[in-house]
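Residue numbers (the numbering used here): 1 to 124.
Built from N, CA and C at the ideal position, the CB exists for glycine as well.
Read through the structure below, which is laid out as structure tokens, and then see the notes.
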């Protein structure tokens, strides 16, 4: 097999049916709001209310929230395939991942999106 063949839903759903209108509104405002949060605020005031240093920088916090780490189950649900298929994608180098200290696969949402852009099939 030279490339993965992601499956699509049996009955293609209309985009409006698959994404909640409230979520669509959040999505539309996300770029400008994230840019504002990155540039306007800093941790100087917040740090006064906590002891010690923060575990991650402000940029790392925003990155973690926008590009979350996904489990094998979450990734297989997003791609609409079984977990064994996701494992196969990683073994063949089609889907980027990293492993936890316990050896479990973890995926970044951006890597899943990149995989779909490269290998996904769009409805005709």
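Cα-Cα separation, residue i to residue j
i           : j           : result
residue 63  : residue 27  : 16 Å
residue 81  : residue 20  : 23 Å
residue 86  : residue 44  : 42 Å
residue 100 : residue 38  : 28 Å
residue 59  : residue 90  : 28 Å
residue 25  : residue 50  : 33 Å
residue 55  : residue 29  : 28 Å
residue 46  : residue 22  : 29 Å
residue 40  : residue 117 : 33 Å
residue 77  : residue 18  : 14 Å
residue 53  : residue 92  : 41 Å
Whether residue i touches residue j by CB criterion (8 Å)
i          : j           : result
residue 79 : residue 113 : no
residue 68 : residue 109 : yes
residue 4  : residue 119 : yes
residue 34 : residue 72  : no
residue 97 : residue 88  : no
Of the listed residues the options, nearest to residue i (C-alpha basis)
i           : options            : result
residue 115 : 39, 22, 75 and 94  : 94
residue 61  : 90, 32, 101 and 42 : 42
residue 107 : 23, 47 and 74      : 74
Any non-hydrogen atom of the ligand NAD closer than 7 Å to residue i Cβ
i          : result
residue 44 : The ligand NAD is absent from the structure shown, which contains no ligands of any kind.
Residue i at chain D interface by Cβ criterion, 8 Å
i           : result
residue 103 : No chain D appears in this structure, which consists of one protein chain only.
Query raised in the report: In chain order, which continuous runs of the beta strand (DSSP E) of length 3 or greater are located wholly inside the region 69-118?
Result: As far as the region 69-118 is concerned, its whole beta strand (DSSP E) runs of at least 3 residues are 105-108.
Query - Ordered list of beta strand (DSSP E) runs contained in the region 26-63, each at least 3 residues - result: Segments of the beta strand (DSSP E) lying fully in the region 26-63: there are none.
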